[in-house]
Each structure stands twice: as structure tokens, then as C-alpha cells.
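Worksheet: one structure, shown below.
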Amino acid sequence: MTLSWYAWRHRIPGIACAAAVATAGKWLATVLSMLVARMSGLDPAGHDAQSLVSAISVAVALGLVWRNAVGIHELLRPGLIWVIRTGLRFGIVLLGFKLALGTAGQISRTALPVVAVCIASALLMVTYFNNRLGLPRRLGALIAVGTSVCGVTAIIATGPAIGATDDETSYAVACITIFGLLAMFTYPWVAHAVFGTSPMIAGIFLGTSIHDTSQVAGASLMYSETFSAPLALQAATVTKLLRNMSMAVLVPIIAMRLRADRRRPTLKDVRAAVPGFVLLFLAAIAARTLGDAVLAGSRDALANWNTFLGAANTTSTWALTVALAGIGLSTDLAKLRGLGLKPLLVGLVAAVSVGVVSFLSLSLLTRLG
Numbered sequence: 005m006t007l008s009w010y011a012w013r014h015r016i017p018g019i020a021c022a023a024a025v026a027t028a029g030k031w032l033a034t035v036l037s038m039l040v041a042r043m044s045g046l047d048p049a050g051h052d053a054q055s056l057v058s059a060i061s062v063a064v065a066l067g068l069v070w071r072n073a074v075g076i077h078e079l080l081r082p083g084l085i086w087v088i089r090t091g092l093r094f095g096i097v098l099l100g101f102k103l104a105l106g107t108a109g110q111i112s113r114t115a116l117p118v119v120a121v122c123i124a125s126a127l128l129m130v131t132y133f134n135n136r137l138g139l140p141r142r143l144g145a146l147i148a149v150g151t152s153v154c155g156v157t158a159i160i161a162t163g164p165a166i167g168a169t170d171d172e173t174s175y176a177v178a179c180i181t182i183f184g185l186l187a188m189f190t191y192p193w194v195a196h197a198v199f200g201t202s203p204m205i206a207g208i209f210l211g212t213s214i215h216d217t218s219q220v221a222g223a224s225l226m227y228s229e230t231f232s233a234p235l236a237l238q239a240a241t242v243t244k245l246l247r248n249m250s251m252a253v254l255v256p257i258i259a260m261r262l263r264a265d266r267r268r269p270t271l272k273d274v275r276a277a278v279p280g281f282v283l284l285f286l287a288a289i290a291a292r293t294l295g296d297a298v299l300a301g302s303r304d305a306l307a308n309w310n311t312f313l314g315a316a317n318t319t320s321t322w323a324l325t326v327a328l329a330g331i332g333l334s335t336d337l338a339k340l341r342g343l344g345l346k347p348l349l350v351g352l353v354a355a356v357s358v359g360v361v362s363f364l365s366l367s368l369l370t371r372l373g
């Protein structure tokens, strides 16, 4: 009990700081939306007008400005780490309650081939350019899995498995951070411009073309809030978690290829490569489906169930907003200056190739459909 309170006592300042930035971001986004609405001749009181500026983007921007203009005290770090890791995953798990198995299955059937093509193209392109530039194979592997699979989580899972150095891991994380942040702020507008008539396809594009889970959550929340398209958020989440689940196959294979001892992956290695929150997300989808079916015959029970689902949705959005504010508060842009041009070039090639392949694949699917 004492240990638990000791840990939480050290997390509270950082959690409170991220929550304050998220609250400020929501308030400032509302104010900016009203201003944009007035300048555009729209009704400022309208629901759509109030979401012209995304609270997520403003919260992340405020966090970035604070971190890089003022700095962050060490006292805040434990709490910021908690909201980025645990808070983000908690919010994603609660998103599962917005999806029934039918919707999740439809999204998965459309997204799966696109995910497979994007992962394969990123691995091939990064490996080719990494070798041409003469960079270490391990660094190329980390950038490849970070871009194609699961962002920072994939890098952290793969690094020890292939014997990567701290510098190689840091370089790969920096590449994912800088290009993922750029995609998070720009791709929602790209997705709406090219796939605006289909929120599900737009969400799949965001889920396949942006690197880290947190960045996909931020971009899809921006899209959902700005364009009143909750299906885009659901589609992006399901698509990204399909990519996350591929870690169970890819991380052991890459480790076997690059490790000096060429040890074959064990079942324990495969289990360790699957993030636990992905399984909880699937359990939440199953619970939503079962709850809808079982409680449909009782008006009172169904009303209570819908109240719970509404609370889960609100809590999920808030948890993700706080986590994204924590991402902004934790991103030190100064560290990216020492990265060097070659790793940045490989990261750029990876980011662009995944985005282009995702766009072409989804364009083909929409035409065939």
C-alpha cells in the first residue's frame, strides 16, 4: 500500500500538468473555432462550427511550445510517462466499446490487405535505402518496424531482440517522432481531401500511414472532431491495432535474421511481442456486442447500458486528449538536431512510401468497390 501511494504521489504532478494542458487546449480550440466561424460567416453556436479547430491539435501544440520554450521539471516526468503509456492505452481500450463485432469485422476486412501491403513496402524500401546509404542494418530494421508496424512500441520491442545500441534505438525513435508528428498534423486534412466521402476509408488511411499508436489516435481524433466523423476514429483504431498485432510475427522474424546467434523465436517471444492492450481492446468489442444483444429486450437495462457506453466514450476521448498533451510535453525538438541527415533521409523515405502506398491501395479499393 505504501509503495503504491509512493508511486502515485510522484505521478500526480505530471498527470495534473497534462490534464491542465488538455483542458487549456479544449478551451482554446473552442475559442479559435468561434473566431474561424465568425470569419467564415457560419453560426458560431452550431455544433460543426464549434469543432472547426481540433482540441487535440491545440493541446499537442501547447505541450510542444511549453516543453521547448520553457522546459519541463523533473518532478513532472513520472506522471507524463504514465499518461503517455497507461493513459493512452486505457483510452484505446475504452474505444472498443464504440464498436460491435460486425463493424470491427467490416473495417478489418477492408483494412487487412492495405496493412499487409504497407508493412511489406516499408520493410523493403527502408532496407534498400538503408543499405545504399551505408547505415547499420540494425538501425534500418528499427526504422522499418517503427514506420510499418507500431511506432515507438515496435522499436522498443525489437531493439533488445536484435542487440541494437542505445544510439540506434534513440535515432529510430527520433525519426518516428518527427515524421509521425508531421503526419499527425497534416494527414487528417489530406485524408478528408482525398477520402472525405468515406469516413471509414479515411480512417483506414490514417491508421496505415501514420507511425505511432498515439499519433494515429491524435490524427483520427482531429478528423473525428473537425469533420464530425466518429467512424473515422473507429476505423483508424482498428487498423492501427491490426498493425500492432503483426508484431507477434515480424519482431521474432527480424530478431532471428539479425541476431548473431540466429536463435529461433519461441512461443514466449511471440507472446511478448503482442501488446496486452490490444487484447483488452478486442475484449471490449466483444463485450459491446454481447451487451447490445443481451440487453436489447429490457428498456431499463438498455438505458443503463447506453449510459455506460456514453460514459466510456467521454472517458476515452478525455484520456486520449490528456495522453496526447503528454506527448507534446515530452517531445524535446532540440534532440532531433543531432540526428544527422542519413537517418533522417531513411525516416523520410519510410514515411513517404507508407503514405503513398496506403493512398494508392485505398484508391484502388474504392474504385473496385
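Heads up: the sequence shown begins at 5 in our numbering, then just goes up one per residue. Here a beta-carbon is modelled for each residue, glycine too, at the ideal position from N, C-alpha and C.
With a threshold of 16 other CB atoms inside 10 Å of the CB of residue i, please say whether the residue is buried or exposed.
i, result
"residue 308", "exposed"
"residue 5", "Because residue 5 sits at a pLDDT of 44, beneath the cut-off of 50, its placement in the model cannot be relied upon, and the following sentence gives the value as read from the coordinates. Answer is exposed; the Cβ neighbour count stays below 16."
"residue 86", "buried"
"residue 197", "exposed"
"residue 232", "exposed"
"residue 77", "exposed"
"residue 292", "buried"
"residue 192", "buried"
"residue 134", "buried"
"residue 298", "exposed"
"residue 164", "exposed"
"residue 364", "exposed"
"residue 265", "With a pLDDT of 49 at residue 265, under the threshold of 50, the predicted position of this residue should be treated as unreliable, though the coordinate-derived value follows. Residue 265 is exposed by the Cβ-count criterion."
"residue 91", "buried"
"residue 39", "exposed"
"residue 353", "buried"
"residue 100", "buried"
"residue 138", "exposed"
"residue 98", "buried"
"residue 71", "buried"
"residue 35", "exposed"
"residue 168", "buried"
"residue 230", "buried"
"residue 156", "buried"
"residue 74", "exposed"
"residue 318", "exposed"
"residue 256", "buried"
For residue i, I'd like the list of residues in its chain whose CB is within less than 7 Å of its CB, leaving aside the five on either flank, ordered along the chain.
i, result
"residue 64", "222, 328, 329, 331, 332"
"residue 246", "112, 115, 116, 119"
"residue 152", "122, 123, 126, 127, 358"
"residue 82", "14, 15, 18"
"residue 68", "332, 335"
"residue 296", "104"
"residue 244", "211, 217, 220"
"residue 145", "162, 166, 258, 262"
"residue 154", "217, 247, 248, 251"
"residue 348", "179"
"residue 372", "none"
"residue 337", "72"
"residue 254", "149, 153"
"residue 195", "206, 209, 210, 227"
"residue 3", "Since the first and last residues shown for the chain are 5 and 373, residue 3 lies out of range."
Which residues in the same chain have their Cβ closer than 6 Å to the Cβ of residue i, if we skip the five residues on either side of it in sequence?
i, result
"residue 80", "17, 18, 21"
"residue 122", "212, 358, 361, 362"
"residue 29", "59, 62, 63, 66"
"residue 312", "none"
"residue 234", "228"
"residue 94", "323"
Leaving out the 5 sequence neighbours to the left and right, which residues in its chain are closer than 8 Å to residue i when beta-carbon positions are compared?
i, result
"residue 303", "none"
"residue 89", "none"
"residue 370", "199, 202, 205"
"residue 325", "26, 29, 30, 59, 60, 63, 225"
"residue 172", "140, 142, 143, 146, 163"
"residue 306", "299, 300"
"residue 367", "198"
"residue 321", "95, 225"
What distance in whole Å lies between the Cβ atoms of residue j and residue i, which are believed to be in contact at a cut-off of 8 Å?
i, j, result
"residue 148", "residue 131", "6 Å"
"residue 199", "residue 183", "Rounded, the Cβ-Cβ distance is 21 Å, inconsistent with contact."
"residue 259", "residue 166", "5 Å"
"residue 178", "residue 143", "That belief does not hold up - the Cβ atoms of residue 178 and residue 143 are roughly 11 Å apart, past 8 Å."
"residue 242", "residue 108", "6 Å"
"residue 207", "residue 236", "4 Å"
Using 8 Å as the limit for Cβ to Cβ distance, is residue i near chain B?
i, result
"residue 124", "No chain B appears in this structure, which consists of one protein chain only."
Check your understanding: Curious, which full-length alpha helix (DSSP H) runs of at least 4 residues does the segment 66–150 contain?
Key -> 81–86, 92–99, 105–136, 141–149
Point to revise | Inside the segment 181–219 only - alpha helix (DSSP H) runs reaching at least 4 residues | key: 203–213
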